[in-house]
Amino acid sequence: MKKKFIHLAQFLTHGPTYHSLAMWRHPETVGRAYDWTQPELYQHIAKVCERGKFDMVFFADLNYISDTYLDSLEPSLRYATQAPEHDPVPLLSWMGAVTKRIGLGATLSVSHHHPFYAARLWATLDHLTKGRAAWNVVTSLNHNQAANY
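Position in the sequence shown (first residue = 1) + 48 = our numbering.
Printed below as a string of structure tokens:
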């Protein structure tokens, strides 16, 4: 009987918070080696995950600001709910520079990126990380995302 293995991935976003509303404002978060704008934080996360035998670190990428609540961007911006969010692909290069084995993945929508650009972007990341890039290919989600393009 062939052994079955579980695969572990760390789910991340390159922003202040994802689901924990206003967590970025909590006094125990700010100033305790947590600054989501600094790449060293994510390098540390990647090294810890690699040491813990994770298979991948993965960034969800929502390149829009949600207006789901009250048909307004204001609550998302006020409480940093999935916004702001930086492009994860350059950050994956930083993470790849300090790791050797862990996979490095992110989402990129094919609805709003030219095929040549997308292929070049991911080929570059794959080359820089010696074959560890993983692309979550998706189509776009909503009108806010389309409006950005």
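Heads up, the beta-carbon is just placed ideally off N, CA and C, and yes, glycines get one too. Quantities reported herein were computed from a predicted structural model and do not represent experimental measurements.
Looking only at DSSP bridge pairs, what is asparagine 111 linked to? Counting from one through the sequence shown, the residue named residue 111 turns up at place 63. DSSP output for asparagine 111 lists no bridge partner at all.
Own chain partners of aspartate 109 with C-beta closer than 6 Å, once the 5 adjacent residues on each side are dropped: Stepping through the sequence shown from its first residue, residue 109 is reached at position 61. Closer than 6 Å at the Cβ level, and outside the excluded window around aspartate 109, lie Pro136, Ala154, Thr155.
Short of 7 Å in beta carbon distance, which residues of its chain neighbour leucine 176, apart from the five on each side in sequence? Order them along the chain. As a working mapping, residue 176 is identified with position 128 in the sequence shown. Excluding residues within five positions, the ones whose Cβ falls inside 7 Å are Ser141, Gly144.
Here's the rule: buried if 16 or more other CB atoms are within 10 angstroms of the residue's CB, otherwise exposed. What is glutamine 130? Position 82 of the sequence shown holds residue 130. Buried, by the Cβ-count rule.
Taking tyrosine 197 as the reference, give the member of Gln91, His160, Lys51 with the closest Cα. Here residue 197 refers to the residue found at position 149 when the sequence shown is read from its first residue. Comparing Cα-Cα distances from tyrosine 197 to each of Gln91, His160, Lys51, the minimum goes to His160.
Kindly identify the DSSP beta-bridge partner or partners of valine 185. Position 137 of the sequence shown holds residue 185. Paired residues: Leu156.
If we ignore side chains and look at the alpha-carbon of each, how far apart do alanine 194 and alanine 166 end up? For the purposes of this step, residue 194 is taken as residue 146 along the sequence shown, with counting starting at 1. For the purposes of this step, residue 166 is taken as residue 118 along the sequence shown, with counting starting at 1. Distance between the alpha carbons of alanine 194 and alanine 166: 17 Å.
Taking one C-beta from the segment 108-127 and one from the segment 183-194 each time, how about it: are there three or more such pairs within less than 8 Å? yes
Is glycine 144 helix, strand or coil when you go by DSSP? Taking the first residue of the sequence shown as position 1, residue 144 is located at position 96. Helix, per DSSP.
Can you tell which of Ile113, Thr172, Ile54, Tyr127 has its C-alpha closest to the C-alpha of leucine 152? Mapped onto the sequence shown, residue 152 falls at position 104. Out of Ile113, Thr172, Ile54, Tyr127, Thr172 has the C-alpha closest to the C-alpha of leucine 152.
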